[in-house]
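Count the sequence shown with my numbering and you get residues 1 to 500, in order. Ideal Cβ placement from N, Cα and C applies to all residues, glycine included.
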Amino acid sequence: MFENYSQYVAAQTDGDTDQLKASLYDNLPVAIYTCDNSGYITSFNKAAVSLWGREPEIGKDLWCGSWKIFNSSGEQISLDSCPMARTLKEGVAIEGEAIIIERPDGSRVNVRPYPTPTFDSNGNLSGAVNTLINIDIVTEAEEKQALLASIVNTSDDAIISKTLDGNITSWNLSAQKMFGYTPEEALGKHISILIPPDRLQEETVIITNIRNGRKVDHFETIRLRKDGSEIPISLTVSPVLDSTGKVIGASKIARDITSQIQAQQENARLYEEIKALNEKKDEFIGIASHELKTPLTSINGYLQILSRLNTDEVSKKFVSKTIQQVKRLTILVSDMLDVSKIEAGKLQFSSEKFNIVSALANAIELIEHTHPGNNISFNVNSNRSTVYGDPHRVEQVMINLLTNAIKYSPAQAQIEVTLTTNNDEIHVSVKDKGYGIEASKVNQIFSRFYRVESTNPTISGLGIGLYISKQIIERHNGKIWVESEPGKGSNFIFSLPLKN
Ligand code: ADP
1 MFENYSQYVA AQTDGDTDQL KASLYDNLPV AIYTCDNSGY ITSFNKAAVS
51 LWGREPEIGK DLWCGSWKIF NSSGEQISLD SCPMARTLKE GVAIEGEAII
101 IERPDGSRVN VRPYPTPTFD SNGNLSGAVN TLINIDIVTE AEEKQALLAS
151 IVNTSDDAII SKTLDGNITS WNLSAQKMFG YTPEEALGKH ISILIPPDRL
201 QEETVIITNI RNGRKVDHFE TIRLRKDGSE IPISLTVSPV LDSTGKVIGA
251 SKIARDITSQ IQAQQENARL YEEIKALNEK KDEFIGIASH ELKTPLTSIN
301 GYLQILSRLN TDEVSKKFVS KTIQQVKRLT ILVSDMLDVS KIEAGKLQFS
351 SEKFNIVSAL ANAIELIEHT HPGNNISFNV NSNRSTVYGD PHRVEQVMIN
401 LLTNAIKYSP AQAQIEVTLT TNNDEIHVSV KDKGYGIEAS KVNQIFSRFY
451 RVESTNPTIS GLGIGLYISK QIIERHNGKI WVESEPGKGS NFIFSLPLKN
């Protein structure tokens, strides 16, 4: 069993600073104790023991170290309905509700408890800390003062006050823990003992703001410990005013942001690592697709020769099937090459005035030829159809949208292509009655390598067609988007500026 809080902490940690903080906490003139979220007392200081007139057993006593408690009207209340118990049960702080503590020797003391809940990093209630103010011996002003002092001294942030000349006038426990100076060493010294020489100018800027009544909020900087080592902190400095409203000094709160900075650095490092890996992957895709293109062109050439030879029907059928498969492979390789060109900013575009109706008709004809059995209607609802850009690239977009409309619909798909104009824009819509896309996935389908796996896991693809289409349309100063409902179908629409 532990004699006091310092011993308890010493048993839990071997850090000098934690030990130091525990010993300072133990000697605070204000009674403080803590409970875990089940109500068991986990720590208490000497002032609490003297207030209770007894020493509770850590991990055994519940809610409060008092022997007996009464409300201000003198009625006894059970310990499990004391203010600390209510704070732990309801998760809220209770402010200054007076109670009477009776010690085992029968003496009584009027106390105002200030129980405050504590939460872990996930926001779950981890326990509570209670400050007990003996109101028999303090005036109201002193009570407030004592409460403030206990808050300042139990804060994890360094809280320091100084005059306008920069002389330190108060120094809490966390300031000692953070910077290594005891109050005796710090009080009366100039604040510049904490400031690295190359940052002294910051103090002038801070004091100028304070003199003008302005607060300095969350200023991230570096300060020095007593041993000369640097500590990254986030600083908030506020003016201290006298009763006439005149600025007479400054109070500063310093938060140690070492772990935050380390996390930021780790994130930046991971980001660079992922970026480098991504670049390597892009480089590989570029090289692989480039290297695959040359033999594919030769294979295609030889197959064309074979198809013209006078061979038997079976051979002709196999050659024709092989040509179809080589075409598919050529499209995949050329899409991969386009992706790596887009990433390198090297995708080539021609620039010319052209009639989009013919580009759309070409794409529809090609798809009807390669996917017989699907029904594609083409409605042109405008007599304006001239756009500016690369007709082959726009055709490529159309081929991709039509291929997807067929791929992501049951067999014998019905597809409607419609061209309309709206002010200075042309709108092309490709509407299917297929599987559709969940609303939560709609924004992602235009990203590189993104596929909605749940649509139909057996449908193959690389997840780059829509990405390339978006890049092409945006290079033409247009937009592409989709309206879709799962089970009902999708409508892919792109707009392009009209040219006179
Ligand atoms: P791929 O078809 O090769 O997977 P795309 O980039 O063309 O790549 O399409 C990305 C994803 O968007 C597809 O994997 C599919 O999940 C979804 N998608 C595209 N077009 C349609 C469509 N018409 N209907 C339903 N889902 C579609």
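Subject >> Distance between G461 and Q412 (C-alpha atoms, nearest Å) >> reply: Their Cα atoms are separated by approximately 20 Å.
Original post:
Just to confirm, does D432 get its C-beta within under 7 Å of one of the non-hydrogen atoms of the ligand ADP?
Top reply: Yes - the ligand ADP has a heavy atom lying nearer than 7 Å to the Cβ of D432.
**OP:** Under 8 Å Cβ to Cβ from N477, same chain only, skipping five residues before and after it: list those, please.
**Re:** L496 and P497
Original post:
Does the beta carbon of I331 fall short of 7 Å from some heavy atom of the ligand ADP?
Top reply: no
**OP:** Note down, in chain order, each residue of its chain lying with its Cβ closer than 7 Å to the Cβ of K353, except the 5 sequence neighbours on either side.
**Re:** T386, Y388 and K499
Subject >> Close Cβ partners of G188 (< 7 Å) along its chain, the five nearest in sequence each way excluded >> reply: N167 and I168
**OP:** Would you mind reading off the limits of the beta strand (DSSP E) that contains F179?
**Re:** DSSP places F179 outside any beta strand (DSSP E); the residue lies instead in the alpha helix (DSSP H), whose first and last residues are L173 to F179.
**OP:** State the DSSP-derived secondary structure class of K68, mapped to helix, strand or coil.
**Re:** strand
Subject >> Which of helix, strand or coil DSSP assigns to S490 >> reply: For S490, the three-state secondary structure derived from DSSP is strand.
Original post:
How would you call K162, buried or exposed, if buried means at least 16 neighbouring beta carbons within 10 angstroms?
Top reply: buried
Original post:
Regarding A405 and the ligand ADP, is the C-beta to nearest heavy atom distance less than 7 Å?
Top reply: yes
**OP:** Determine the contact status of D157 and S174, defining contact as a CB-CB distance below 8 Å.
**Re:** Yes, Cβ-Cβ distance for D157 and S174 is below 8 Å.
Original post:
With distances taken between CB atoms, is the gap from I69 to I99 smaller than 8 Å?
Top reply: yes
Subject >> Distance between G489 and S350 (C-alpha atoms, nearest Å) >> reply: Straight-line Cα distance between these residues: approximately 34 Å.
Original post:
Taking the alpha-carbon positions, what's the K60 to Q444 distance?
Top reply: 55 Å
**OP:** Specify, as a first and last residue, the run of the alpha helix (DSSP H) that F318 falls within.
**Re:** E313 to E343
**OP:** Report buried or exposed for P239, applying the criterion of at least 16 other Cβ atoms within 10 angstroms of its Cβ.
**Re:** buried
**OP:** With a threshold of 16 other CB atoms inside 10 Å of the CB of A276, please say whether the residue is buried or exposed.
**Re:** exposed
**OP:** Kindly indicate which three-state DSSP category K479 falls into: helix, strand or coil?
**Re:** K479 sits in a strand when the DSSP states are folded into three classes.
Subject >> Residues that R103 bridges to, as DSSP identifies them >> reply: R103 pairs with nothing; no bridge assigned.
**OP:** Could you work out which residue in N122, E185 and E95 is closest to E143 when comparing CA atoms only?
**Re:** E95
Subject >> Reference N130, options H190, E184 and C64, closest by Cα >> reply: C64
**OP:** Would you kindly work out how many angstroms separate the C-alpha atoms of Y467 and T236, rounded to a whole number?
**Re:** When rounded, the distance between both Cα atoms is 46 Å.
Subject >> Sequence ranges, alpha helix (DSSP H) only - wholly within the stretch 160–244, length at least 4 >> reply: 173–179, 183–186 and 200–211
Original post:
By the 10 Å Cβ neighbour count, where 16 or more other Cβ atoms means buried, how is D217 classified, buried or exposed?
Top reply: exposed
**OP:** Could you tell me if the beta carbon of I231 falls within a distance shorter than 7 Å of some heavy atom in the ligand ADP?
**Re:** no
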